[in-house]
Amino acid sequence: MVIFFNHAIPVDANPEQTVAVSEKSTEWAAFIYTTIIIGGTIISTLSYVSWRKYKAEQKRKQSGDKLVD
16 MVIFFNHAIP VDANPEQTVA VSEKSTEWAA FIYTTIIIGG TIISTLSYVS WRKYKAEQKR
76 KQSGDKLVD
């Protein structure tokens, strides 16, 4: 994870220059972040389980056990 800090760049704070962010765009942003986090977790879990199954099957083949599905 990369975190950027912009403390070295001076910024003019003018209260008249406000940007209106619509409520709809913030809802979509939250939905997208949630989807990415949950999807990434599911993909990581499935990849890990598949890798463990593959390694177990390889170990069973080496030991001569023929009961592998």
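Letter by letter, the sequence shown follows residues 16 to 84 in the working numbering. The beta-carbon is built from N, C-alpha and C at its ideal position, and this holds for glycine as well. Note that the coordinates shown come from a computational prediction; the quantities given were computed from them, not determined experimentally.
(message) Which residue marks the beginning of the alpha helix (DSSP H) containing serine 55, and which one marks its end?
(response) Residue numbering aside, residue 55 sits at position 40 when the sequence shown is read from its first letter. Serine is not the amino acid found at residue 55; the sequence shown has glycine there. Here the alpha helix (DSSP H) through glycine 55 covers 38 to 78.
(request) Please report how far the alpha carbon of valine 64 lies from the alpha carbon of threonine 56, in whole angstroms. (result) Taking the first residue of the sequence shown as 1, we reach residue 64 at position 49. Taking the first residue of the sequence shown as 1, we reach residue 56 at position 41. Valine 64 and threonine 56 have their C-alpha atoms some 12 Å from each other.
(request) Whole angstroms is fine: what's the gap from lysine 74's alpha carbon to arginine 67's? (result) Taking the sequence shown and counting its residues from 1, the one referred to as residue 74 is at position 59. Taking the sequence shown and counting its residues from 1, the one referred to as residue 67 is at position 52. Cα to Cα, the separation comes out at about 11 Å.
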